[in-house]
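Data block below; observations after.
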Amino acid sequence: MINLLVCIIVLPALMGIISYFIQCNGIRRTFWLLTAILHFLLSLKAALMAPYLAPTLWIGIDALSTIFLPLSSLLFLMVTLYGIGYVKREPVEQQNDQEIGGLYQNTPESIFTGSLLLFLSAMSLAILSQHLGLQWMAIEATTLSSAPLIYYHRSKTSLEAAWKYLILCSVGIAVALMGIFFIGLALPRGIGDLTLSIILQHSGQVNTKWMEVAFILMLVGYGTKMGLAPLHNWLPDAHSEAPSPVSALLSGALLNCALLGILRIQQINAAAGMASFGQGLMVIFGLLSMGVAGIFLLGQTDYKRMLAYSSVEHMGIITLGFGIGGLGAFGALLHVINHSLIKSPLFMTAGNIHSRFHTKSALKINGLMKVLPASGILWLAGFFAIVGTPPFGSFISEFTILFAGISSKLWWVNGLFGFFLILAFIGMTGVFLKMSFGKTDAPPDKEHSISVLPAGILLLLALVLGIWIPGWLSNIINLAVQMLGNGAG
Amino acid sequence: MHLISWLFPLSALLLAPLLSGIINRVKAYFAGRKGPSILQLYYDLFKLMHKSSVYSRSTSLVIRLAPAVILTCLVLACLILPWGGFPAPVSFAGDFILLIYLLGLARFATVLAALDTGSAFEGMGASREVQFSAVAEPSLLLGFLVLIMHTGSLGLAGIASGITIVDWQIAAPLLVLVAFAWFFIMLAENSRMPVDDPNTHLELTMIHEVMVLDYSSADFALIQYGAALKLWIFGGLLVNLIIPVKFDVVWLQAVTFLGGMFLISLLIGITESITARLKLLNVPKVLVSAGAFSLIALIIKLVESYQ
Amino acid sequence: MNALAVLLILSCLLILGSSRPRVAIQVVAVQGIFLGLLPILRSWEHLTAGIWIVGISGLVFKGILLPWLMQNVLQRTGIQKETAPYVSFGTSLLLGIVLLALSAWIAVNLQLPADASPVLTAMAMFLVLVGLFLMMSRRKAIMQTLAYLVMENGVYALGVSISLEFPYLVELGILLDIFVGVFLMGNLLFHLDRELQHTDVDKMTELSDLQTISSEPGRDA
Amino acid sequence: MELMLLGCLLQILGGLIALAVRDNNKASLTANLSVWLGCALAAIPVISVLSGNSINPVRLEWSLTGSQLVFGLDTLSAFFCLPFLVISPLAAMYGRSYLGNPERRLGSHWLFFNLLVASMLLLLTAQNVIMFIIVWEVMAVSSFFLVMHDHEQEKVRKAGWTYLIATHIGTIALLVFFAILGSETHSLDFGGIIANRKMIVHTGALFVLAIFGFGVKAGFFPLHVWLPEAHPAAPSHVSALMSGVMIKTGIYGILRTITLIGYTDAYLGWALVIIGIISGVTGVVFALAQHDLKRLLAYHSVENIGIITIGIGVGVLGIAWKLPALVFLGFGGGLLHVLNHALFKSLLFLGAGAVSHGTGTLDIELLGGLLKKMRWTAWTFLIGAAAIAGLPPFNGFISEFYIYFAGISGVRAFTPGPIILAAFVMVSLALIGGLAVACFSKAFGIVFLGEARTTKAANVHEADLQMLTPMVILAGLCVLIGLAAPLTVYLVKAPLGTLAGSDGFDFTGIMHHTRTVFGYVALIFGILYIISLVFYLIKKLLPRANQVSTTGTWDCGYAAPTARMQYTASSFAQPLTELFRSLLRTRKTSSRIKGYFPANTEFHTETPDVAKEGIFAPIFRLINNRISPLRQMQHGNLSGYLLYIAITLIVLLIWKAGF
């Protein structure tokens, strides 16, 4: 069955390369859509067969990947649906951006589509790889394939964002590579293999000190990519400058890949009996990220940046959940899903808003509910979802993390957790309410169903997750939590 | 016994207008005048009953209904008021709260009727009325609390019969404090000097009188009569407190009580003659002081019971 | 081998003290060649085909392809020299010495196993630190790319020094990643030059939250 | 029980249909019908529980909590259902006519309205922590959307913002509260929590969180800041529902907490009494200073919540001191006031709605003389005003009497605690009562009596039948409860079984006693109606009763009086607001008078909320000032960002790995 997994990785890569050379927009878009659908189906199949797929040398699907793979694939499919409409709307010729005050011209669609498919391939590889080196490679590949996507608009600011993204993530990833070397160092002599299963086999005999160094290096390295404060600085720039479908993917899928990198080493840590070392650091980074996000969410007026900071916040929540461990890890994995299901539609909706108003400043937007009724509803629903209002799934996951924290008697952590949630909430409320309501003279727009439907589907899923968590899902999450060690930090 | 207890409210209804007559005579005496007849208010009421009504164009049904409501409240309050050792026709635990709230309803009706005329003067009077009563009520209730603690009874009947000469011997300071507080509240609630001058002629300085400027004929009669009843009720409360002599014999008790009422009207007359009007701004302070008297009594009582 | 390490260290100092990107590219090329030789030299006694592949591919990528790429970018953009770095060249050199001492201390402190070379480790650490430092202290975007290369060289050297070998596929993948990364950086550099008429990193501060945050949160809701 | 859930489902369904229906009239009608029908269905189990039957809870398997989802009704929740079931249909009926048929579609409004009603009912039946919070938030969000109905006005948006943030902060406190509760008892079911309540360690922290979290919704001072913003902003029937009913869920939450955790000691009771007194007094004082009719009413909600809380505090103290009279009368008064306040506050808000519907303004100073044209609105409003001021012969007096009575009935225990309590309760209630009379004299007097101050007020029209019917029904209930006072002891007896059932109190004696007392009270009320009528009729029989002449109001001889010269609401309240000026901090703006014959001058007062201006705004400012320097972090310079990475790495390596 290895072929299935290889297909999942290779298919989009091949299609991506082909897409670079297809000149006809229609054919390429069909290609794109077909790939997305196929990839999603294959991922689903892989996920369903996951327990029966024995781990092979480098690629395999375990409980963690079973959670991440279909999620990313689903997001990609939805982004594809949305994105096809998006690129259709985007003009090819050079145009003037009043906000930045400069001319810009979009990247040719073929490069965009190609990079996007390569990006998908890299993400799939990052999720499926069972070898630390291979995973590193894949995560770096996600950076590389997404940099052109961020630079899609080819404006001054998007160039700046792409540059910062590339440099910071490359540095981070280099640090992570050092971390991988240290894992090799920590393993008993003569092993020299960084396949996950082999490391786990020998986890009893690792050198603790080097393992700690390795963990720190990898946490900082992948943490940069994941957007943990204070390493997150590329994130608001990149997410706000990227075209909306890309932002949706970056936030919903890419960050998860980096998170998976950290989880892998935490898995090793746990197997080596050092789970609490990693957890302590994760609690700190989690809170720090939430705090920093809160600082920038309060009073934020750029709605795309606000969404980006919200991603930082939620990555913080997730990291905190893993740091608490046990039930917290359960909540964190659940939150990974919820965050992806909510943040992506928000970015998509932000895209709709931006193409109607041509501004990123919330101060200049009023009465969304009237002007763009469908997007307005999605925007508000997404708001309530992202701040963890029941019955959206994010509430359940946040409550689980809080519950776990309180059960572990981490009073300070919980206090700060609550405080930061409030900070972020206050910050985001201002922007969302300002935009959604109010008086406006702009005439209402009829929206294309393709630009709102994908977001709607994702949000609906998030809503379902708040009311009903299917048994198989909680089983898989439980399995994944066991992989990360049961110890409550 | 049952029938007899109905006699007392009846006598209140009959004798209440007499109080203002006595007060006015005392004041006249102090001023070196002869003064009006003791029955003057009866004459006035009779005369008003036979006049035709004049209503302001601004008014509505409210001002026509108000006198009836006000008088009803006061009549009902009389039904609750005990006469020393004799319980009122209606007496139950916590009845003093109902008494106070009946007075409150009467005040509400008075104030609304005043506002019904749309006159700035009457509005001003109403405003003052609600201000003073809002401060006076807690003080009055604090006094009750002291008496409840002292007598261990939750109803007016128990309180009234519970205060005996012995109590005045052992707990005089407490009772004096409460009595003093109540006396002042009585003056305030009944628009007497030093809070309000019932004989003033300047609308700007009135409280109660300005609220009833627009009444005429029977309405005014009811209002005047109600005012007399209100004075009677407060007087009665005070008499129950300061005349500790309680008899089982009806006529002895009646005489004692009526004597007490006479005494109270003398006291009011004297007070009115020898004091000057307070600045309106100072009235709340004095009312709060009255509350403070009761509070001091309460604290003393608490400390005592703790020993 | 130790001599190689010393040469690498010296090359770093050269980059630290130089203001011209052209010189830096040449030095990086030399570094790449040395690094390609490193694994071959290190396992001279029992050389396998794998090590040959790793060494040669490293040499080709790091010593030839990447510098060529950078040279190309340099020519296309016509960047001349780093004029006013955040940290002056003299101070940079001085700091370089401090960093060297630091990396030596780290290498000693790591309590490496017997088969790892402390000198090589120290050198690798030094390369990484210098790379990081250069990135922070230089204004020209091209210098940052070069610094990134230096840093990657260091990481590579670290891998060699603690005798860690990846499977060839992964090894090649890593090299390819770096290559593509630098290619992209070069590409962006070109765009930078065209769009902004400069490649100064400190002028790229358009994106920050200093303007987008209103001083009174919520008042505008 | 199934009937109740069915009712709720029906309401939600009705809302959804209303959303889908294009025609406003049909949407309103659908929503109305579903609310009525749902409430009627729900009423069956509620009445059954209150009359002493117990109902089997509905248990559903639910994957989320790993446990069952339990919906049940005990006497406490059934009692709270009563006002919900009465007010919701009436508010819906009123709203149908109040909203009319504007250009915009009303579907979403009705969806949220029905959601609010259904979620409130579900909240009362939820016996699982997760379900409780979910419904709690649904309630908050749907009411938020209802508040935002007129979101084109900036005032409304601001109110919505305040409300959303306040309620969310409260929810977070509740999340922490339930998380602690759940983790210490290892159960997320109310039943399980009660069974394991001995394992609770942090009782104090739990109560603080509960009082904070539920207090935000209930509107305890100083957590009430959203109330005076949100209630005026919402359409009147929504204000009625929110103020009359929704804020009571906060009280329900606190009572539920008490039953979940079991009692602690007297501290909780004292805390509640003090909170109640503070809320009560500040609420009414702030109400006095308001010019906006609905804002004034909103502050009265704070006051009445205060009174309810005093009652509950007395009840808790009664349990702590083992005094059944205090328990019965305290809890009974609090609970009855919950019901009563729902009736008269909804009535008043509906009345205010009729005023704003008829005149287009709620500024008291611009109104006047409405009684002449809005006869029904005015008289029902008057009944509501008298009731809320606690005046006989209406229902407000009854519940306040309970609490007074509770206060004094502990006096005979001859220990200092009850006596101090009695003093607290009596003085505060008397003060609140006196001020409330003042406030409603002002509200009713200035709005409905005298002459119309503006053309707006002069051109007023009476509300239509659909708006009047709910008001008349509510007014009728206010009168009825006043007259049926002795029967209320049976009404409040039922929930006491849940609240204090396990403490082995015998309430027979005090119940009998209370019933007797209220028998007298009701008798007096009856007589009051009759004698008033008699007096009124007697006047008609007088010799010259039929000779009536009309003239102008006595004006002290002034030549040209106008309606503008009437006493204003501000002037009316001025002596009292002056008395409390240190609390109110009223802002006065006036233009200086120049010359000997000044022409136009103006004077304006505004009383902002002291909690908002004095507590929350400074906290906000402080936080913002503290963190704004930190925003320099995102300066845009890449070198700096790299430095962060390096520093993070170095710090971690030194700190954790011991380099």
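So the protein sequences, as listed, match chains A, B, C and D. The numbering used here puts the first residue of the first sequence at 1, with every later residue one more than the last. The numbering used here puts the first residue of the second sequence at 1, with every later residue one more than the last. The numbering used here puts the first residue of the third sequence at 1, with every later residue one more than the last. The numbering used here puts the first residue of the fourth sequence at 1, with every later residue one more than the last. Just so you know, even glycine gets a beta-carbon here, dropped at the ideal spot from N, CA and C.
Hey, is S183 of chain D's beta-carbon within less than 9 Å of any beta-carbon in chain A?
yes
With DSSP run on the structure shown, which of helix, strand or coil describes V517 of chain D?
helix
Taking only beta-carbon atoms, is G133 of chain A less than 9 Å away from chain C?
Yes, because at least one Cβ of chain C sits closer than 9 Å to the Cβ of G133 of chain A.
Closer than 9 Å, CB to CB, is D209 of chain C near chain D or not?
Yes, D209 of chain C counts as interfacial toward chain D.
Is V58 of chain D helix, strand or coil when you go by DSSP?
Note: V58 of chain D maps to strand in three-state DSSP.
Work out the CA separation of A66 of chain B and L222 of chain B for me, nearest whole Å.
10 Å
Run the CB neighbour count on V285 of chain D, radius 10 Å, all protein chains shown included, and call it buried at 16 or more, exposed below.
buried
Can you grab the Cα-Cα spacing for the pair G17 of chain C / A238 of chain A, in whole Å?
33 Å
Taking the alpha-carbon positions, what's the L209 of chain D to D196 of chain B distance?
50 Å
Going straight from the alpha carbon of A386 of chain D to that of A229 of chain A, what length do you get?
In this structure, the straight-line span from the alpha carbon of A386 of chain D to that of A229 of chain A is close to 59 Å.
Locate the alpha helix (DSSP H) running through T589 of chain D, then write down its first and last residues.
Taken as a continuous stretch (DSSP letters only), T589 of chain D belongs to no alpha helix (DSSP H), being part of the beta strand (DSSP E) at R587 to S590.
Along the segment 153 to 169 of chain D, what residues have a CB closer than 7 Å to any CB found in chain C?
R157, K158 and W161
Might you give, ordered along the chain, the residues of its own chain that have their beta carbon closer than 6 Å to the beta carbon of P39 of chain C, omitting 5 neighbours on each side?
I51, V54, G55 and V160
Please go through the same chain and pick out, in chain order, the residues whose beta-carbon is closer than 7 Å to the beta-carbon of W234 of chain A, but skip the five residues on each side of it.
For W234 of chain A, where only same-chain residues beyond five positions count, the Cβ hits under 7 Å are K164, Y165, L168 and C169.
H208 of chain B by DSSP, collapsed to three states: which one?
helix
With a 10 Å radius around its C-beta and 16 neighbouring C-beta atoms as the bar for buried, classify E129 of chain B as buried or exposed.
E129 of chain B should be labelled buried.
Going along chain A in order, which residues have a C-beta closer than 9 Å to the C-beta of M123 of chain C?
Chain A residues near M123 of chain C: none, gap ~14 Å exceeds 9 Å.
Counting C-beta neighbours from all protein chains within 10 Å, is the total for Y156 of chain C 16 or more, i.e. buried, or is it exposed?
Y156 of chain C counts as buried, since at least 16 other C-beta atoms from the protein chains shown sit within 10 angstroms of its C-beta.
Exposed or buried, what is S37 of chain B when buried is set at 16 or more other beta-carbons lying within 10 Å of its beta-carbon?
exposed
Would you verify that the beta carbon of P198 of chain B is, or is not, closer than 9 Å to some beta carbon of chain D?
no
Name the chain C residues whose beta carbon is nearer than 9 Å to that of S639 of chain D?
Y86, M135, M136, S137, R138, R139, Q144, V201 and D202
Whose C-beta lies closer than 8 Å to the C-beta of I22 of chain B among residues of the same chain, with five residues either side of it excluded?
I38, F262, S265, L266 and G269
Please report how far the alpha carbon of A385 of chain A lies from the alpha carbon of M306 of chain A, in whole angstroms.
15 Å
List, in chain order, every chain C residue whose beta-carbon is nearer than 8 Å to that of L643 of chain D.
M136
Under the assumption that C81 of chain D contacts V46 of chain D (Cβ atoms under 8 Å), give the Cβ distance between them as a whole number of angstroms.
4 Å
Cutting at 6 Å between CB atoms, please list the residues of its own chain near I467 of chain A, excluding the five before and the five after it.
P391
Reducing DSSP to helix, strand and coil, say where N256 of chain A ends up.
Here N256 of chain A sits in helix by DSSP.
Can you list, in chain order, the residues of its chain with a C-beta nearer than 7 Å to that of T668 of chain D? Leave out the 5 residues immediately preceding and following it.
The shown model of chain D, from 1 to 659, leaves out residue 668 of chain D, and the question about it has no answer.
Under 8 Å Cβ to Cβ from I55 of chain D, same chain only, skipping five residues before and after it: list those, please.
M1, P45, S48, V49, G72 and L73
Give me the residue from A:E241, A:L259 and A:V175 with the minimum Cα distance to G509 of chain A.
For chain A, the structure presents residues 1 to 489; residue 509 of chain A sits outside this window and is missing.
Hey, I100 of chain B and L145 of chain B: beta-carbon distance below 9 Å or not?
Result no, Cβ atoms of I100 of chain B and L145 of chain B do not sit closer than 9 Å.
Under 9 Å, Cβ to Cβ, is there at least one residue of chain A near T648 of chain D?
yes
Mind checking if E206 of chain C is an interface residue toward chain D, Cβ cutoff 9 Å exclusive?
yes
Counting only runs of 4+ residues fully inside the segment 380 to 425 of chain D, write out the alpha helix (DSSP H) ranges in chain order.
List check, alpha helix (DSSP H) in window: 395 to 409.
In chain order, what residues of the same chain have a beta carbon less than 8 Å from the beta carbon of H39 of chain A, not counting five sequence neighbours either side?
I8, L11, P12, S73, F76, L77, L120 and S124
Anything in the segment 52 to 76 of chain C with a Cβ closer than 9 Å to a Cβ of chain A? List those residues in chain order, please.
Flagged: no residues at all.
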